[in-house]
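**Q**
There are 4 protein chains.
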Amino acid sequence: MSTDRPLKVALFGSGRIGQVHARNIAAHPDLELAWIADPFIEGARTLAAGTGAIAVETADEVFANGDLDAVVIGSPTSTHVELISRAMAQGVAALCEKPIDLDIDRALACRDVIKGNNTPLMLGFNRRFDPNFAAIQRRVVAGEIGRLEQLTIISRDPAPAPAAYIATSGGIFRDMSIHDLDMARFFVPDIVEVSAAGANVFCDYIEEAGDFDSVVITLRGRDGELVTITNSRHSAYGYDQRLEAFGSEGMLNANNVAPTTVRKYGAAGAEEADAYLPFFLERYAEAYRNELDSFARAIRSGTACSPGFDDGLQALALANAAEESARSGRAVRIENSVKVENAVKIGQP
Amino acid sequence: MSTDRPLKVALFGSGRIGQVHARNIAAHPDLELAWIADPFIEGARTLAAGTGAIAVETADEVFANGDLDAVVIGSPTSTHVELISRAMAQGVAALCEKPIDLDIDRALACRDVIKGNNTPLMLGFNRRFDPNFAAIQRRVVAGEIGRLEQLTIISRDPAPAPAAYIATSGGIFRDMSIHDLDMARFFVPDIVEVSAAGANVFCDYIEEAGDFDSVVITLRGRDGELVTITNSRHSAYGYDQRLEAFGSEGMLNANNVAPTTVRKYGAAGAEEADAYLPFFLERYAEAYRNELDSFARAIRSGTACSPGFDDGLQALALANAAEESARSGRAVRIENSVKVENAVKIGQP
Amino acid sequence: MSTDRPLKVALFGSGRIGQVHARNIAAHPDLELAWIADPFIEGARTLAAGTGAIAVETADEVFANGDLDAVVIGSPTSTHVELISRAMAQGVAALCEKPIDLDIDRALACRDVIKGNNTPLMLGFNRRFDPNFAAIQRRVVAGEIGRLEQLTIISRDPAPAPAAYIATSGGIFRDMSIHDLDMARFFVPDIVEVSAAGANVFCDYIEEAGDFDSVVITLRGRDGELVTITNSRHSAYGYDQRLEAFGSEGMLNANNVAPTTVRKYGAAGAEEADAYLPFFLERYAEAYRNELDSFARAIRSGTACSPGFDDGLQALALANAAEESARSGRAVRIENSVKVENAVKIGQP
Amino acid sequence: MSTDRPLKVALFGSGRIGQVHARNIAAHPDLELAWIADPFIEGARTLAAGTGAIAVETADEVFANGDLDAVVIGSPTSTHVELISRAMAQGVAALCEKPIDLDIDRALACRDVIKGNNTPLMLGFNRRFDPNFAAIQRRVVAGEIGRLEQLTIISRDPAPAPAAYIATSGGIFRDMSIHDLDMARFFVPDIVEVSAAGANVFCDYIEEAGDFDSVVITLRGRDGELVTITNSRHSAYGYDQRLEAFGSEGMLNANNVAPTTVRKYGAAGAEEADAYLPFFLERYAEAYRNELDSFARAIRSGTACSPGFDDGLQALALANAAEESARSGRAVRIENSVKVENAVKIGQP
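Which chain is which? The protein sequence lines are L, P, R and Z, in order.
Just so we're aligned: 22 in UniProt numbering is position 22 of the first sequence, and the numbers increase by one with no gaps anywhere.
Just so we're aligned: 83 in UniProt numbering is position 83 of the second sequence, and the numbers increase by one with no gaps anywhere.
Just so we're aligned: 70 in UniProt numbering is position 70 of the third sequence, and the numbers increase by one with no gaps anywhere.
Just so we're aligned: 326 in UniProt numbering is position 326 of the fourth sequence, and the numbers increase by one with no gaps anywhere.
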């Protein structure tokens, strides 16, 4: 690629997340949004209009461009494996939204295909780039709270996705908890045991789909760290995204984010804060920018992307293990699950 | 008993917790601290000196008094069953520190002995009387957050008890988590499933004793409520006692308690609060007073004490189930718990 | 006085503040509530009933007792000077509610009368004993924020006193601000300049009484410290009592006090705290206990009471100066006001 | 101007504030940064390099361009009057940093020159666009706290400007407090009385320059509102920018802004927040963007800019009055000061 001009980027997908990436790519000084691909060409065109990008329908039209430097994959999950494979084959850097695939076998097969390929490949676990969580992780690594012993993650969506989405989501563990499982691995990379409990307490159509609306997951790290993840598909007070890292010498935590520091004091109650930022687009706006910037810098510097493909695989393996545990009532040792074992071996030398 | 004079109370035990009760009984307008019993008679005498009570060595000397109205049992756990039985047999109201016994069979036998006896009997789960947790429970019951769906309890001691104590403590689940298990039942009385994970991350002598220094427990309530309890035997920032109740229409939580509202703002950091109240004697000082007052009012009004003997039994059964789960890696079903007695047996081989 | 038995105390006044003192004296291990005096004898009798004290109508009956050790003066302001004088003349320690008198000339005359008398005499500026403000003052004196430069006091009552009370209150500066003026002197004892502004923004009968419902006072200390006091006679969110000490190396502040740490998170807003403690009886309950204890210990140890008579005089002088400034629109140099000058000289050698 | 292309903007000044505006203009979709003017041409060139703007030395070169739509004036205060006048004369919209001039006579003369000119002219009181303060003002106007009665503004710089800057700054009231005086007017537009007190407590060179390092200002609004402003030229814990609006039905306040919600809990203290955003460039980054956007939208819509020229004049008049009061020890009625009277008349019909 040329270092004289910004990197030429193609974006797959013009939906909600595609729009976020489009805006961020356009605003990034070292990235140029050159193409937006979506079979729903009207969406691509609308999005392209404000950015100077060319709207195309197919991946072929994108990959036909010899000066393509990078792709950002925000299209449906079912397209991820193919787009990753094509980008890697062509030596084009890729930032792919999670998950790699809902089927870990397809993800593992993809891994075989790209084995040995050093083209930059980043998985879109955006929360690692949230200023709050990133600051805590940095401070934990720096030893500020001594040895990490316990990690508490609470993550609740404002409201459940519609029934149609739930049906193809892969279930709460692979669709929602996977972000928290990756966050757990951000702090405790080696997880050796997973147990989980699921419940149906408020949403009929989730129950009818055979899925849970509420889950709790416990993870054990290689060094005895205990992690709890609490998820719910709804939250009356808005998007709830908190984390506490407890160590031998102290604790660091991050509260939810409000748009201002304003507090109201009235007859009914005191110190009432503004409602929290409503959902991930607002809460993680800065995280998406930081993620894209990290991707661009990795491309330029030739360093490995983090989180990478294997992080996506590991999170998926943990999600599978959590599902298995929730169904069986048994803690799942990561070593005893064939599929997970494969995934886990990935991270090893 | 006479209603013309305060209730005559005997206190068993002049140790740390006995001293708390002695002070509170002496200050209560409807209670008179008449006797303090301790085989270590010097302790009883010292404590009696400031209160006008008579120091005695044996339970016999206490129960020989015809005008004894109530006993407060703060002596070692191994004495609880006998003292409860004697008090009930004699129609003397009793407030007994938790646990009933470390051995559930002895506790069940005690239950058979006192079956049908309506003498007031209260179990000392003091945290139910903490103004913070009590306020949340009251507001949850009042429907302020809709239907309760998830409960998060974090409970960490400032530092581990000495090795000698650990050896006879019955283990972290029965000694420490039992408070949190009762707190869980304060909000979700019917628990149907328990799973737990234990770890050894910082204390060699706890590991050598075959005990855990850190545990995480997950409970499932009859209506699908999910409860997580996170325990550690140490905490660099002091006694950590927090609780969050999450419901369909909102959330209520209680933070730790500092002695003042003062905050310091300096070059190193902003909004630094005072260190939290150091341990249970300070943190739950008001809870102990409220507990005693509730006991006195139950005696006077003839209403049932809460928490009662069966609450002690249930918490112990949950502690046993948690231990079993942590050892086996399997969730333990508490099913068939029509009667408490049955439920308890479930955890046994 | 005897050191073998608790100090015998007489309480003047059985009103709201008298009841607080009665309860605290009765509960104090070194104080015995022996007499309660009130011309409204029914009030004295009711209050005495629960405490074992003797109810009397007149001061004569109190001072006739040879074993009287101390008096607590909670009767109307107009009786303070006489009761202080009698107690001092008889060598009986006195704790007198503020103010000494609404008329500084009477207060100064009283000072002449008791000049040279070393009998313990304490002025009831209870807020100095509030754990929050006391902690800040202690830490400022200890140098935690370097040299004190600015002090911000916000003090608002929940609702205005009734018109009848306002009429004889002496005005907002002498009745309400005087507490804050003493608090200012707790941190900055030497005040050299006062300016104030008053306004009428919400209460007609206060305006009709020629008084202000809202005031702001600025004080200058001898070393250039600047103090602002903001007062209002009402506050929709309850009793508002806050203080910030700003120094060369940091800041310390105290927020209002809520009964619990509980926070509510709902659709309308997040982190809503409980309503604050409603008014001074609740907010300063611990301060009243600490004040009384300090008084008892000063009597026993023979050390000077703090705050003392001159602190009462100084606060009154500052209140007068503030009123003068609010009326004239001019900053009042403490040296340039005859009456204030006298008051001020009192503190000097 | 053309509505087919972004507005062509020239920026005066390539210093600290010029750089902020350059970045924001470049990023604004409806603004094009066409020229950067600075006699220190190297600064202009460096800044222009990253933006595509043309660097020029003189205002003449800027105003010679027929397609100039707007100017942003971030050059030294002494140039403001001339640049405003030229822009207005040529019908070019202007956003000018505060103050208009340190000399109110020059500012008044400028006002005469531009009288009747409807070209958009905005004064750079950026804090009005801070999301925190703007939210409070909006909610006060919406009646959320009833009638506004008291306003408390605390504003402290992290460290004093160097002696050379202080010498030509016009003094703390005109240089620093002027922002807070405008903030006061954002809530209480009609101020009728000003009193102030200044002190020298920590900085010798400020004292030697005849200026204060610490001041307190009290303002009275036409309807009896009382406003206090507390300023210091230093703050050990960083930039301190807080505001409280107290009304008949409640209170709204804004705390300082930290970069994250992360809190640290350690042995020394609990709930320690990150250091606040260091100074105005960080604290008001969003305010500068919002301000510029408001300017752009006012130009496009043809509506009046707010804050406008007269707001700049009023703030300057209040700063002068505050200085006069601090020197004389008298409250200054806005009507009784000739210069201020002129300023005040400006706002009247």
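Every residue gets a Cβ at the ideal spot worked out from N, C-alpha and C, and that includes glycine.
Here the structure is a predicted model, which is why all the values come from computation and not from measurement.
Rank L/L7, L/S85, L/P120, L/P131 by C-alpha distance to the C-alpha of Z/A258 and give the top, closest one.
**A** Within the fourth sequence, the letter at position 258 stands for residue 258 of chain Z. Answer by Cα proximity: L/P131.
**Q** Here's the rule: buried if 16 or more other CB atoms are within 10 angstroms of the residue's CB, otherwise exposed. What is R/V332?
**A** Residue mapping note: residue 332 of chain R aligns to position 332 of the third sequence, counting from 1. So R/V332 ends up on the buried side.
**Q** Taking contact to mean at least 3 C-beta pairs separated by less than 8 Å, is the segment 164-173 of chain P in contact with the segment 293-307 of chain P?
**A** No, the segment 164-173 of chain P does not touch the segment 293-307 of chain P.
**Q** Does P/E244 get closer than 7 Å to chain Z when you measure Cβ to Cβ?
**A** Here residue 244 of chain P corresponds to residue number 244 of the second sequence, with the count starting at 1. It does not: the Cβ of P/E244 has no partner Cβ on chain Z nearer than 7 Å.
**Q** Between the segment 123-156 of chain L and chain P, which residues of the former have a C-beta closer than 8 Å to a C-beta of the latter?
**A** I145, G146, R147, E149, Q150, T152, I154, R156
**Q** Within 7 Å (strictly less), CB to CB, does R/V51 reach chain P?
**A** Taking the third sequence and counting its residues from 1, one reaches residue 51 of chain R at position 51. According to the sequence provided, residue 51 of chain R is Thr. The question's Val does not apply to it. Output row for R/T51: interface = no.
**Q** Would R/R139 and R/L252 be called neighbours here (beta carbons separated by less than 7 Å)?
**A** For the purposes of this step, residue 139 of chain R is identified with residue 139 of the third sequence, where counting begins at 1. For the purposes of this step, residue 252 of chain R is identified with residue 252 of the third sequence, where counting begins at 1. Cβ distance < 7 Å, so R/R139 and R/L252 count as in contact.
**Q** Determine the DSSP secondary structure at P/S195, reduced to helix, strand or coil.
**A** The count along the second sequence starts at 1 and reaches residue 195 of chain P at position 195. Annotated three-state conformation of P/S195 is strand, per DSSP.
**Q** Does DSSP put Z/F279 in a helix, a strand or coil?
**A** As a first step, residue 279 of chain Z must be located in the fourth sequence, where it is residue number 279. DSSP places Z/F279 in coil when its eight states are reduced to three.
**Q** Applying a beta-carbon distance threshold of less than 9 Å, which residues of chain L neighbour residue 353 of chain Z?
**A** A query on residue 353 of chain Z cannot be resolved here, the shown segment of chain Z reaching from 1 to 349 and no further.
**Q** Along chain Z, which residues have their Cβ under 9 Å away from the Cβ of L/G266?
**A** Stepping through the first sequence from its first residue, residue 266 of chain L is reached at position 266. The contacting residues are E144, I145, E249, G250, M251.
**Q** Would you grab the beta carbon distance between P/F187 and P/L219 for me? Rounded to a whole angstrom, and I think it's under 8 Å.
**A** Mapped onto the second sequence, residue 187 of chain P falls at position 187. Mapped onto the second sequence, residue 219 of chain P falls at position 219. Their Cβ separation, rounded to whole angstroms, is 10 Å, which puts P/F187 and P/L219 out of contact at 8 Å.
**Q** With contact counted as at least three CB pairs below 8 Å, one residue from each stretch, are the segment 107-117 of chain R and the segment 228-236 of chain P in contact?
**A** no
**Q** Express the C-alpha separation of R/A26 and P/N24 in angstroms, rounding to a whole number.
**A** In the second sequence, residue 24 of chain P corresponds to position 24, counting from 1. In the third sequence, residue 26 of chain R corresponds to position 26, counting from 1. About 15 Å.
**Q** By DSSP, does L/C110 sit in helix, in strand, or in coil?
**A** What you label residue 110 of chain L is simply residue 110 of the first sequence in a count that begins at 1. Reduced to three states, the DSSP call for L/C110 is helix.
**Q** How many angstroms separate the CA atom of R/E82 from the CA atom of Z/G266?
**A** By one-based count along the third sequence, residue 82 of chain R stands at place 82. By one-based count along the fourth sequence, residue 266 of chain Z stands at place 266. Approximately 54 Å between the Cα atoms of the pair.
**Q** Rank Z/Y288, Z/A317, Z/A298, Z/E324 by C-alpha distance to the C-alpha of Z/G124 and give the top, closest one.
**A** As a working note, residue 124 of chain Z is residue 124 in the fourth sequence. Among Z/Y288, Z/A317, Z/A298, Z/E324, the Cα nearest to that of Z/G124 belongs to Z/Y288.
**Q** Rounded to the nearest angstrom, what separates R/I206 and R/I166 at their Cα positions?
**A** The sequence position of residue 206 of chain R within the third sequence is 206, counting from 1. The sequence position of residue 166 of chain R within the third sequence is 166, counting from 1. For R/I206 and R/I166, the distance between alpha carbons rounds to 7 Å.
**Q** Whole angstroms are fine: how far does the CA of Z/I154 sit from the CA of Z/F279?
**A** Your numbering for residue 279 of chain Z matches position 279 in the fourth sequence. Your numbering for residue 154 of chain Z matches position 154 in the fourth sequence. Rounded to whole angstroms, Z/F279 to Z/I154 spans 14 Å at the Cα level.
**Q** Could you confirm whether any beta carbon from chain Z is found closer than 7 Å to the beta carbon of R/F187?
**A** Sequence index remark: in the third sequence, residue 187 of chain R carries index 187 (1-based). False, the Cβ-Cβ gap to chain Z never drops below 7 Å.
**Q** Could you please give the first and the last residue of the uninterrupted beta strand (DSSP E) stretch that includes Z/D240?
**A** Sequence index remark: in the fourth sequence, residue 240 of chain Z carries index 240 (1-based). From DSSP, the beta strand (DSSP E) with Z/D240 extends over 240-247.
**Q** Verify the CB distance criterion: does L/Y237 have a CB-CB separation below 7 Å to chain R?
**A** Taking the first residue of the first sequence as position 1, residue 237 of chain L is located at position 237. Interface residue, yes.
**Q** With 7 Å set as the bound, which would you pick, yes or no: does the beta-carbon of R/S337 sit closer than that to a beta-carbon of chain Z?
**A** In the third sequence, residue 337 of chain R corresponds to position 337, counting from 1. At R/S337 the pLDDT is 40, less than 50, meaning the model places this residue with poor confidence and gives no usable figure here.
**Q** Report the residue from R/A163, R/S14, R/S177, R/C96 whose alpha carbon sits nearest the alpha carbon of R/E208.
**A** Position 208 of the third sequence, counted from the first residue, corresponds to residue 208 of chain R. It is R/A163 whose Cα lies nearest to the Cα of R/E208.
**Q** Along the segment 62-81 of chain Z, what residues have a CB closer than 7 Å to any CB found in chain R?
**A** none
**Q** Taking CB distances under 7 Å as the criterion, tell me whether Z/A159 reaches chain P.
**A** Here the question's residue 159 of chain Z lines up with position 159 in the fourth sequence. It does not; no Cβ of chain P falls within 7 Å.
**Q** Taking 7 Å as the threshold (C-beta atoms), are Z/A254 and Z/I136 in contact?
**A** Looking up residue 136 of chain Z in the fourth sequence gives position 136. Looking up residue 254 of chain Z in the fourth sequence gives position 254. Contact: yes.
**Q** Does any residue of chain P have a CB that is nearer than 7 Å to the CB of residue 352 of chain L?
**A** Lying before the first or after the last residue shown, residue 352 of chain L is absent from chain L, which here runs from 1 to 349.
**Q** Going by DSSP in three states, Z/A254 sits in which element: helix, strand or coil?
**A** On the fourth sequence, position 254 is the one that residue 254 of chain Z refers to. Z/A254: strand per DSSP, three-state reduction.
**Q** Would R/V71 and R/A161 be called neighbours here (beta carbons separated by less than 7 Å)?
**A** Position 71 of the third sequence, counted from the start, is the residue given in the question as residue 71 of chain R. Position 161 of the third sequence, counted from the start, is the residue given in the question as residue 161 of chain R. Their beta carbons are not under 7 Å apart, which means R/V71 does not touch R/A161 by this criterion.
**Q** Under 7 Å, do P/R263 and P/E271 count as touching if we go by C-beta distance?
**A** Translated into positions along the second sequence, residue 263 of chain P becomes position 263. Translated into positions along the second sequence, residue 271 of chain P becomes position 271. Contact: yes.
**Q** Would you mind telling me which residues of chain R sit closer than 8 Å to P/V257, beta carbon to beta carbon, in chain order?
**A** For the purposes of this step, residue 257 of chain P is taken as residue 257 along the second sequence, with counting starting at 1. Here the neighbours are T261.
**Q** DSSP puts P/Y265 in a beta bridge; with which residues?
**A** Locating residue 265 of chain P in the second sequence gives position 265, where the first residue counts as 1. P/Y265 is bridged to R/M251.
**Q** Within 10 angstroms of the Cβ of R/P29, are there 16 or more other Cβ atoms? Answer buried if so, exposed if not.
**A** Along the third sequence, read from residue 1 onward, the residue named residue 29 of chain R stands at position 29. Exposed, by the Cβ-count rule.
**Q** Within a Cβ cutoff of 7 Å, which residues of the same chain sit near R/A48, ignoring the five residues on either side of it in sequence?
**A** For the purposes of this step, residue 48 of chain R is taken as residue 48 along the third sequence, with counting starting at 1. Hits under 7 Å: I36, I54, A55.
**Q** Is the CB of P/I346 under 7 Å away from at least one CB in chain L?
**A** In the second sequence, counting from the first residue as 1, residue 346 of chain P sits at position 346. Low confidence applies here, because P/I346 scores a pLDDT of 36, under 50, leaving its location unreliable and the question unanswered by this model.
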